[in-house]
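Chemist: In the working numbering, the protein residues as written are 764 to 1222.
#1: Could you work out which residue in 926, 801, 1104, 1198 is closest to residue 981 when comparing CA atoms only?
#2: Let's test the definition: count the other Cβ atoms within 10 Å of the Cβ of residue 963 and tell me whether it reaches 16, buried, or not, exposed.
#3: Helix, strand or coil: which one does DSSP assign to residue 887?
#4: Look at residue 1223 and residue 1120 and say whether their C-beta atoms are less than 8 Å apart.
#5: Within 10 angstroms of the Cβ of residue 766, are there 16 or more other Cβ atoms? Answer buried if so, exposed if not.
#6: Measuring alpha carbon to alpha carbon, tell me which of 1100, 1002, 1156, 1189 ends up nearest residue 785.
#7: Once the 5 residues before and after residue 1212 are set aside, which same chain residues still bring their CB inside 7 Å of it?
#8: Quick one: Cα of residue 926 to Cα of residue 1221, how far?
#9: Mapping the DSSP letters down to three states, classify residue 1006 as helix, strand or coil.
#10: Spatial neighbours of residue 889 within its chain, please: C-beta separation below 8 Å, excluding the five flanking residues on both sides.
#11: Kindly indicate the opening and closing residues of the alpha helix (DSSP H) around residue 1105.
#12: Quick check: what's the CA-CA separation for residue 979 versus residue 1011?
#13: For residue 1185, count neighbouring Cβ atoms within 10 angstroms of its own Cβ and tell me buried if that reaches 16, exposed if not.
#14: Where residue 805 and residue 798 are concerned, what is the direct C-alpha to C-alpha distance, given to the nearest angstrom?
#15: Does the pairing of the region 1042-1058 with the region 833-846 give three or more beta-carbon distances under 8 Å?
#16: Tell me the residue span of the alpha helix (DSSP H) that contains residue 799.
#17: For the region 1051-1080, list the alpha helix (DSSP H) runs that are entirely contained and at least 4 residues long, ordered along the chain.
#18: Taking residue 852 as the reference, give the member of 823, 1160, 1143, 1199 with the closest Cα.
#19: Residue 846 to residue 816, Cα distance in whole Å?
#20: Can you grab the Cα-Cα spacing for the pair residue 959 / residue 1038, in whole Å?
#21: Measuring CB to CB, does residue 1023 end up less than 8 Å from residue 829?
#22: Once the 5 residues before and after residue 1177 are set aside, which same chain residues still bring their CB inside 7 Å of it?
#23: To test your reading of the DSSP string, which unbroken alpha helix (DSSP H) runs of 4 or more residues are found completely within the region 875-953?
#24: How would you label residue 1007, buried or exposed, when you count the other beta carbons within 10 angstroms and need 16 or more for buried?
#25: Give every residue of the same chain whose Cβ lies closer than 8 Å to the Cβ of residue 931, excluding the five residues on either side of it in the sequence, and list them in chain order.
#26: Could you pull out every residue in the same chain whose Cβ sits closer than 6 Å to the Cβ of residue 1113, ignoring the five residues on either side in sequence?
#27: Suppose you measure from the CA of residue 768 to the CA of residue 1219; what does that come to, to the nearest Å?
#28: In its own chain, which residues sit with a C-beta less than 6 Å from the C-beta of residue 970, not counting the 5 before and 5 after it?
#29: DSSP on residue 997, reduced to helix/strand/coil?
#30: To the nearest angstrom, report how far apart residue 1146 and residue 1208 are at their CA atoms.
#31: Please identify the residue among 1117, 1182, 826, 946 whose C-alpha is closest to the C-alpha of residue 1155.
#32: Just the Cα atoms here: how many angstroms apart are residue 1066 and residue 789?
#33: Helix, strand or coil for residue 1185 per DSSP?
#34: Round the Cβ separation of residue 1033 and residue 953 to the nearest angstrom and send it over; I've been treating them as touching at under 8 Å.
#35: Looking at the structure shown, is residue 1136 part of a helix, part of a strand, or coil, going by DSSP?
#36: Helix, strand or coil for residue 764, going by three-state DSSP, please let me know.
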């Protein structure tokens, strides 16, 4: 019987710094280093950043605190947290666990690509500015039936090894190393990028908002990016919150984590966009920006191979800190609900996730003829189901649960440590949880699924 021992282990964040690094690491991932720069590039640069920051302070902080409050109050993972507070709502926690499971399955495949690019940066394969050649190299990798599976397996083994170590011995220890290292490496590459001739055009593009560029599509893009960037709606922060002591200042933590997440996103923007502008590439290139455009940029720099190696290593670190939180969500679920030992839960879930991820990888190559949702291949179908349906639905319904089922009074009492801490923003936060956040996330859901366009067409 491990019930009591596991219960004790759940409260084992060794320090507040460790929790902040782990939680920020969960939020900081490929969405910051890859998606944020090209989303800014496609949506007016500074205008997008301005709107993003406003939404971050309103919706990002609101949901971050809400998830941490649920986790610490119940001291359980996502499913157990909802079940403890209302048996009828346990399915909402299961939705979050499923989202995390699906995301890690294809996220690990992308993590494998990153490891491959670290190897390529060392061997000099990427040392060319020929975009067509780099595009062919990337296309050859992702459509190969074997090579990406090897790197997918390596990524999952590293993730498994960290989560196997438990909270303080594995996740916290790794996060304390990976997160500061990520900041330092990002800063080094950013300084190099900013010293390139013509780089200031990229800085101006990112930081000087043209308010006339702000429209409904920019607002929707920023809203979606905030939501997905912070790892909300998938049970990660509920699970991490369940390992917190009752003395932790949740409000302060819920403010620090989104700000760290945004700091990395801005550093990524100041690393990538100035370099892209300096060499005349397209800042709104899309997903190819990371694996095709950036290698071309690095090849034109003095010591480009070194900076490519550093950059892809920091991308790997960011991917790992998110991956360990996603795996922990499923592991914690198996430990809580089925009383499995951590070792058994970690091995089993990692193996299943690897197999699902393998189908996603093959779906880009030899199984590309298999279409599932709306003509999408396996990889894109997993992404669409988790990111466009489960995450926004989970976040929206969590706000409804806290505001209308569990009750704001209970949530605020937990956030203020039973009244021991002053929570001056409590009325405003309660209003955001009950009214503003569900509507905002509902719009994200309608937009990400294409339903918003259908509704517009009716009027």
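Idealized CB from N, CA, C, for every residue including glycine.
Modeler: This is what the structure holds:
#1: Nearest of 926, 801, 1104, 1198 to residue 981, Cα basis: 801.
#2: Residue 963 should be labelled exposed.
#3: For residue 887, the three-state secondary structure derived from DSSP is coil.
#4: This structure cannot speak to residue 1223, because the chain is shown only from 764 to 1222.
#5: In this prediction, residue 766 has a pLDDT of 45, which is less than 50 and means its spatial position is unreliable; what the coordinates show is noted afterwards. Answer is exposed; the Cβ neighbour count stays below 16.
#6: Put simply, of 1100, 1002, 1156, 1189 the residue whose alpha carbon is nearest the alpha carbon of residue 785 is 1002.
#7: Answer for residue 1212: 1151, 1152, listed in chain order.
#8: Cα-Cα distance, rounded: 49 Å.
#9: Residue state for residue 1006 is assigned as coil, using DSSP reduced to three classes.
#10: The residues are 880, 883, 897, 900, 1058, 1061, 1062, 1068, 1071.
#11: Counting along the chain, the alpha helix (DSSP H) containing residue 1105 begins and ends at 1105-1125.
#12: One C-alpha to the other measures close to 38 Å.
#13: With fewer than 16 Cβ atoms within 10 Å of its Cβ, residue 1185 is classed as exposed.
#14: Between residue 805 and residue 798, the C-alpha separation is close to 10 Å.
#15: The region 1042-1058 is not in contact with the region 833-846.
#16: For residue 799, the enclosing alpha helix (DSSP H) begins and ends at 799-805.
#17: DSSP assignment within the region 1051-1080 yields the following whole alpha helix (DSSP H) runs of 4 residues or more, N-terminal first: 1057-1062.
#18: When only C-alpha atoms are compared, the closest one is 1160.
#19: Taking the straight line from one Cα to the other gives about 34 Å.
#20: Straight through space, the alpha carbons of residue 1038 and residue 959 are spaced by roughly 7 Å.
#21: No, the Cβ-Cβ distance between residue 1023 and residue 829 is not below 8 Å.
#22: Excluding positions up to five away in sequence, the list reads 832, 835, 836.
#23: Counting only runs of at least 4 residues, the region 875-953 fully encloses the following alpha helix (DSSP H) elements, listed from N- to C-terminal order: 894-906, 910-927.
#24: With 16 or more other CB atoms across the displayed protein chains lying within 10 angstroms of its CB, residue 1007 is buried.
#25: If the five residues before and after residue 931 are omitted, its C-beta is found closer than 8 Å to the C-beta atoms of 775, 776, 777, 781, all from its own chain and listed in chain order.
#26: Contacts found: 919, 923.
#27: Since pLDDT at residue 768 reaches only 43, below the 50 mark, its modelled position is unreliable, and the value read off the structure follows with that caveat. Rounded to whole angstroms, residue 768 to residue 1219 spans 54 Å at the Cα level.
#28: Counting only Cβ-Cβ distances below 6 Å, and skipping sequence neighbours, we find 809.
#29: In the three-state scheme derived from DSSP, where H, G and I count as helix and E and B as strand, residue 997 is classed as coil.
#30: Approximately 14 Å between the Cα atoms of the pair.
#31: The residue with the shortest Cα to Cα distance from residue 1155 is 826.
#32: Rounded to the nearest whole angstrom, the CA to CA distance from residue 1066 to residue 789 is 31 Å.
#33: DSSP places residue 1185 in coil when its eight states are reduced to three.
#34: Beta-carbon to beta-carbon, residue 1033 and residue 953 are separated by about 5 Å, close enough to satisfy the 8 Å threshold.
#35: Coil at residue 1136, not helix or strand.
#36: Only weak support exists for where residue 764 lies, its pLDDT of 37 falling under 50; the value from the coordinates is given anyway. In the structure shown, residue 764 adopts coil according to DSSP, grouped into three states.
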